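Trainee: Input: one structure, supplied below.
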Amino acid sequence: MDDPVCPLDYRYGRKELKDLFGETKRLQYLLDVEAALALAHARVGNIPKSAANEITNKASTKFIKVKRVNKIELETKHDIMAVTRALAEKCSGDAGKYIHLGATSYDIVDTANALQFAESTEYIRKELKNLRNTLLNLAKKHKKTIMVGRTHGQHTIPITFGLKMAGYAMEIERHLERLFECKSRLLVGKLSGAVGTGAALGPKALKIQEEMLKELKLGVEDVSTQIVCRDRYIELLGVLCNIALSMEKFATEIRNLQRDEIGEIAEAFETKNQVGSSTMPHKRNPITCEQICGLARIIRGFITPTYENAIQWHERDLCNSSAERLIIPHSIILTDWIVYKTNSVFKNIKIFPEKMKTNLMISKGLPMAESLMTTLINKGMGRGDAHELMRKTSLKALKEDKTLKEVFKNKNKKLKLLSDKEIEYALNPINYLGVTEKIIDKVVKKLSH
């Protein structure tokens, strides 16, 4: 295409994935199914083995060209008929007459889809594993890198950057599990004709279907209509949307922590000459994270038409076809792309531990109010009384713009609840990380395989 329209053609997506959804590779998937169908017929004695071998030998884009198939389709207005005619043209003898025997178009299309799913989701799986390992390395490296935890956008109590990364790593591990678990339901084909009865295949229909899908290493749709049941595709899109959501979540956290007023981490520039803004020379925008967030929303946007595609008139209509030509390649290519880009961001991320410590202090010790409350409880004060005391102390510190330590020590002079040593210990963030290290160690042990 001389002047491409779709950004996948020139901006987003890895070449390996785009090649899998290109016209040539798609044609090869369809030819693979036609070849497997011919071999299955030969195995049950329906057609000569020599014919099946000839069909198999010629069912290759070495012989069958996209240009020729497209030309035939202009005449037939039917994509699968164009493929079968182009294949028949190249087969010697009478082998051509056995092509597509007993099949309907979507026996070929949906089975080819399954082959495409199998190969393309493997790329996503590998990149998810790479991302998981990157996050795991960050969890180990920053196990003790202390920072403030935040809820509702407000400072809470201390955590470590390693704990945040360990949580992300486990989230990716769950996506790997989901992707694996859905494959048994996703990687299925069909050979059952126009309404799922297999009538055109004769009495050996089930055996032919079994042989064809065994050849392709796919499962069998138990009961089909003219198509494979679309609840399977919904599950795949659900997993892809879930993965995309995590990528946006991680990227959003980086964007927030990169704010000038926070400045705890930053997306690295990819090149030394990278420009942040066309008008503001000082800008270092988190553009990759912003791209991840934007594309994740596109992926999730495909979930609604995917659900609607499962609603078919009787045994089949054609409404799903046009939508799936967009949904399937875009969702898979873009999911792979944002996982790949997220991994790149985390592999090169800039981390500023000193700024994390500084930010922990700007709330003047208020994040340690819970630590003091817990210390008071351990010394025998009732939980409710300890909470009320620290609530009032915190409010007073805020009102008077003083540190929590200063206000509490003044109260403690009168109440004599804690020693100075106990107060100092309770106010040191490093002493209030709970079992953070044990949690991270547990994650590292679980995922180091």
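Under numbering that gives the first Met the number 0, the first residue of the sequence shown is numbered 0, with each subsequent residue one higher.
The C-beta atom is built at its ideal place from N, Cα and C for all residues, glycine as well.
Every value quoted in this text rests on a predicted model; they were computed, and no experiment measured them.
Going by Cα to Cα distance, which pick from Lys64, Leu19, Asp78 and Glu210 is closest to Ser321?
Mentor: If you number the sequence shown from 1, residue 321 lands on position 322. Cα-wise, what sits closest to Ser321 is Asp78.
Trainee: Between the Cα of Leu190 and the Cα atoms of Lys14, Val4, Val219 and Glu399, which residue gives the shortest distance?
Mentor: Within the sequence shown, the letter at position 191 stands for residue 190. Selected option, being the one with the closest Cα: Val219.
Trainee: Measuring alpha carbon to alpha carbon, tell me which residue in Met355, Asn427 and Leu178 is nearest Arg149.
Mentor: Indexing the sequence shown from 1 puts residue 149 at position 150. That would be Met355, whose Cα lies nearest to the Cα of Arg149.
Trainee: As a quick exercise: from Val442, Leu239 and Ala199, pick the residue whose alpha carbon is nearest that of Asn45.
Mentor: Counting from 1 along the sequence shown, the entry for residue 45 is found at position 46. Closest option to Asn45, Cα to Cα, is Ala199.
Trainee: Note down the Cα distance separating His448 from Val442, rounded to an integer number of angstroms.
Mentor: Here the question's residue 448 lines up with position 449 in the sequence shown. Here the question's residue 442 lines up with position 443 in the sequence shown. Looking at the two C-alpha atoms, the distance is approximately 11 Å.
Trainee: So, do the segment 337 to 350 and the segment 125 to 136 have three or more beta carbon pairs nearer to each other than 8 Å?
Mentor: yes
Trainee: Out of Thr224, Asn409 and Phe179, point me to the one whose CA is closest to Val197's CA.
Mentor: One-based indexing of the sequence shown puts residue 197 at position 198. Checking the sequence shown, residue 197 turns out to be Gly, not Val. Comparing Cα-Cα distances from Gly197 to each of Thr224, Asn409 and Phe179, the minimum goes to Thr224.
Trainee: Taking only runs that begin and end inside the segment 43 to 103, name each unbroken alpha helix (DSSP H) of 4 or more residues, in chain order.
Mentor: 48 to 57, 65 to 75 and 78 to 89
Trainee: Can you tell me the Cα-Cα spacing of Lys228 and Val222, whole angstroms?
Mentor: For the purposes of this step, residue 228 is taken as residue 229 along the sequence shown, with counting starting at 1. For the purposes of this step, residue 222 is taken as residue 223 along the sequence shown, with counting starting at 1. According to the sequence shown, residue 228 is Cys rather than Lys. Between the alpha carbons of Cys228 and Val222 lies a distance of about 8 Å.
Trainee: Thinking C-alpha only, which one of Thr334, Lys401, Ile291 and Ala39 is nearest Ala204?
Mentor: Residue 204 sits at position 205 when you count from the first residue of the sequence shown. Per the Cα distances, Ala39.
Trainee: Between which two residues does the beta strand (DSSP E) carrying Val344 extend?
Mentor: Locating residue 344 in the sequence shown gives position 345, counting from the first residue. The continuous stretches of beta strand (DSSP E) do not include Val344, which lies in the alpha helix (DSSP H) extending over residues Cys318 to Lys346.
Trainee: Can you determine whether any heavy atom of the ligand FMN sits closer than 6 Å to the C-beta of Pro352, and answer yes or no?
Mentor: With respect to small molecules bound, the structure shown includes none, and the ligand FMN cannot be examined in it.
Trainee: Let me know the secondary structure DSSP gives Leu367 once reduced to three states.
Mentor: Residue mapping note: residue 367 aligns to position 368 of the sequence shown, counting from 1. Contrary to the premise, residue 367 reads as Met rather than Leu in this sequence. Met367 falls in the helix class under three-state DSSP.
Trainee: Determine the DSSP secondary structure at Met355, reduced to helix, strand or coil.
Mentor: Indexing the sequence shown from 1 puts residue 355 at position 356. Three-state result, Met355: helix.
Trainee: Quick one: using the 10 Å Cβ neighbour count with 16 as the cut-off for buried, is Lys398 buried or exposed?
Mentor: Stepping through the sequence shown from its first residue, residue 398 is reached at position 399. With fewer than 16 other Cβ atoms within 10 Å, it is exposed.
Trainee: May I ask which residues mark the beginning and end of the beta strand (DSSP E) holding Ile158?
Mentor: Translated into the one-based positions of the sequence shown, residue 158 becomes position 159. Counting along the chain, the beta strand (DSSP E) containing Ile158 begins and ends at Gln153 to Thr159.
Trainee: Once DSSP output is grouped into helix, strand and coil, what is the label at Gly188?
Mentor: As a working note, residue 188 is residue 189 in the sequence shown. Reduced to three states, the DSSP call for Gly188 is strand.
Trainee: Taking buried to mean at least 16 other C-beta atoms within 10 Å of its own C-beta, is Phe179 buried or exposed?
Mentor: Working through the sequence shown from its first residue, we reach residue 179 at position 180. By the 10 Å Cβ count, Phe179 comes out exposed.
Trainee: Can you list, in chain order, the residues of its chain with a C-beta nearer than 6 Å to that of Ser362? Leave out the 5 residues immediately preceding and following it.
Mentor: Taking the first residue of the sequence shown as 1, we reach residue 362 at position 363. Excluding positions up to five away in sequence, the list reads His154.
Trainee: Whose C-beta lies closer than 7 Å to the C-beta of Met211 among residues of the same chain, with five residues either side of it excluded?
Mentor: Locating residue 211 in the sequence shown gives position 212, counting from the first residue. Within the same chain, Met211 has close Cβ partners Ala35, Leu36, Ala39 and Leu190.
Trainee: Put Thr196 into one of helix, strand or coil per three-state DSSP.
Mentor: Taking the sequence shown and counting its residues from 1, the one referred to as residue 196 is at position 197. Thr196: coil per DSSP, three-state reduction.
Trainee: By DSSP, does Arg149 sit in helix, in strand, or in coil?
Mentor: Locating residue 149 in the sequence shown gives position 150, counting from the first residue. Arg149 falls in the strand class under three-state DSSP.
Trainee: Just the Cα atoms here: how many angstroms apart are Glu15 and Asn427?
Mentor: The sequence position of residue 15 within the sequence shown is 16, counting from 1. The sequence position of residue 427 within the sequence shown is 428, counting from 1. Going from the Cα of Glu15 to the Cα of Asn427 covers about 51 Å.
Trainee: Taking one C-beta from the segment 300 to 309 and one from the segment 250 to 268 each time, how about it: are there three or more such pairs within less than 8 Å?
Mentor: no
Trainee: Does the distance from the CB of Ala113 to the CB of Tyr28 come in under 7 Å?
Mentor: As a working note, residue 113 is residue 114 in the sequence shown. As a working note, residue 28 is residue 29 in the sequence shown. Contact flag unset, no.
Trainee: When you compare the CB positions of Ser370 and Tyr431, do they come within less than 7 Å of one another, or not?
Mentor: Your numbering for residue 370 matches position 371 in the sequence shown. Your numbering for residue 431 matches position 432 in the sequence shown. Against a cut-off of 7 Å, the Cβ pair of Tyr431 and Ser370 comes out as a contact.
Trainee: Skipping 5 residues on each side, what residues in its chain have a beta carbon closer than 6 Å to that of Val406?
Mentor: Sequence index remark: in the sequence shown, residue 406 carries index 407 (1-based). The residues are Thr392, Lys395 and Ala396.
Trainee: Could you check where the alpha helix (DSSP H) with Val443 kicks off and where it finishes?
Mentor: Against the sequence shown, residue 443 aligns to sequence position 444. Its alpha helix (DSSP H) spans residues Thr435 to Leu446.
Trainee: State the DSSP-derived secondary structure class of Ile123, mapped to helix, strand or coil.
Mentor: As a first step, residue 123 must be located in the sequence shown, where it is residue number 124. Three-state DSSP puts Ile123 in a helix.
Trainee: Determine contact between the segment 137 to 149 and the segment 408 to 418, defined as no fewer than three beta-carbon pairs at a distance below 8 Å.
Mentor: no
Trainee: Quick one: residues in its chain with C-beta nearer than 8 Å to the C-beta of Leu135, no 5 flanking neighbours on either side, listed in chain order?
Mentor: By 1-based counting over the sequence shown, the position of residue 135 is 136. Once the five neighbours on either side are set aside, the close Cβ partners of Leu135 are Met164, Ala165, Ala168, Val442, Val443, Leu446 and Ser447.
Trainee: Which of the three DSSP states, helix, strand or coil, is assigned to Gly381?
Mentor: For the purposes of this step, residue 381 is taken as the residue at position 382 of the sequence shown. Correct three-state label for Gly381: coil.
Trainee: Going by C-alpha to C-alpha distance, which of Ile439, Ile286, Lys182 and Pro202 sits closest to Thr238?
Mentor: Along the sequence shown, read from residue 1 onward, the residue named residue 238 stands at position 239. Looking at the sequence itself, residue 238 is Val, so the reference to Thr does not match. Shortest Cα-Cα distance from Val238 to any of Ile439, Ile286, Lys182 and Pro202 involves Lys182.
Trainee: Ignore the nearest five residues each way along the sequence and tell me which others in Ser347's own chain have a CB closer than 7 Å to its CB.
Mentor: Indexing the sequence shown from 1 puts residue 347 at position 348. Ser is not the amino acid found at residue 347; the sequence shown has Asn there. Closer than 7 Å at the Cβ level, and outside the excluded window around Asn347, lie Ala267.
Trainee: Taking 6 Å as the limit between beta carbons, can you name the residues of its chain near Val32, skipping five residues before and five after?
Mentor: As a working mapping, residue 32 is identified with position 33 in the sequence shown. Result list for Val32: Ile107, Thr110 and Ala111, in chain order.
Trainee: Thinking C-beta only, is Leu217 closer than 7 Å to Leu186?
Mentor: To locate residue 186, count along the sequence shown from 1; it is residue 187. To locate residue 217, count along the sequence shown from 1; it is residue 218. In this structure, Leu217 lies closer than 7 Å to Leu186 by Cβ.
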